[in-house]
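Numbering (the numbering used here), first residue to last: -6 to 103.
Below is the structure:
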């Protein structure tokens, strides 16, 4: 009778261990499944962020290029205007020098 109790107890304990093993396997499966899902979600989220950042980068690069083109155009116009003004000033200076020399020569001959 004692042996029967021991065998029954062992059988019950074996069933408990089997149930516990099944539970552990289920938990392991859930952990793997959840981990895979979270990784996929993370990949998707980062892919969206990469796309958004790439769009922002393209917009910023376009703005920089537009600003550079606008500023370059403005500076080139200023440079052309200053160059033209310098040429006019040099011509005026040359004319003034010639007039001055002419006046000095005229004074010498009088």
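Quick reminder that beta carbons are idealized off the backbone N, C-alpha and C, glycines included.
Only a predicted model underlies this, so the values are computations on that prediction, with no experimental measurement involved.
Fill in: For residue 74 and residue 61, the rounded distance between their alpha carbons
Approximately 20 Å between the Cα atoms of the pair.
Worksheet item: Nearest-angstrom Cα distance between residue 25 and residue 65?
Response: If I take the Cα positions, the gap works out to 58 Å.
Worksheet item: In three-state terms, what does DSSP make of residue 100?
Response: In the structure shown, residue 100 adopts helical secondary structure according to DSSP, grouped into three states.
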